[in-house]
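Read through the structure below, which is laid out as structure tokens, and then see the notes.
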Amino acid sequence: CGRIADVANAFSKMDGRDMVSWNSIIMGLIQYGCHDSALNLLHDMQLCWIV
Numbered sequence: 002c003g004r005i006a007d008v009a010n011a012f013s014k015m016d017g018r019d020m021v022s023w024n025s026i027i028m029g030l031i032q033y034g035c036h037d038s039a040l041n042l043l044h045d046m047q048l049c050w051i052v
């Protein structure tokens with residue numbers, strides 16, 4: 002998934018992720034065709050009690 006991997010890496014290092022940041026990275030992954038990664042992040046989002 003090319004450069005989106007860099008964005009996902011930066012996201013994983015972020016402190017204080019909120020609903021907007023989670024949605025942004027998930028939508029970016031979907032737009033670049035990284036559906037499995039997006040689904041994994043959605044699952045992580047649920048585990049972090051964001052949803």
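Under the numbering used here, think of the first position of the sequence shown as 2, with each following residue one higher.
For every residue, glycine included, the Cβ atom is placed at its ideal position computed from N, Cα and C.
Bear in mind that the values here come from a model prediction, so they are computed numbers and not experimental data.
Straight through space, the alpha carbons of I51 and G17 are spaced by roughly 11 Å.
Scanning its chain for C-beta atoms nearer than 7 Å, with the 5 sequence neighbours on each side dropped, one finds around L43 the residues I27, in chain order.
In the structure shown, W50 adopts coil according to DSSP, grouped into three states. When the Cα atoms are used, K14 and G34 turn out to be separated by approximately 22 Å.
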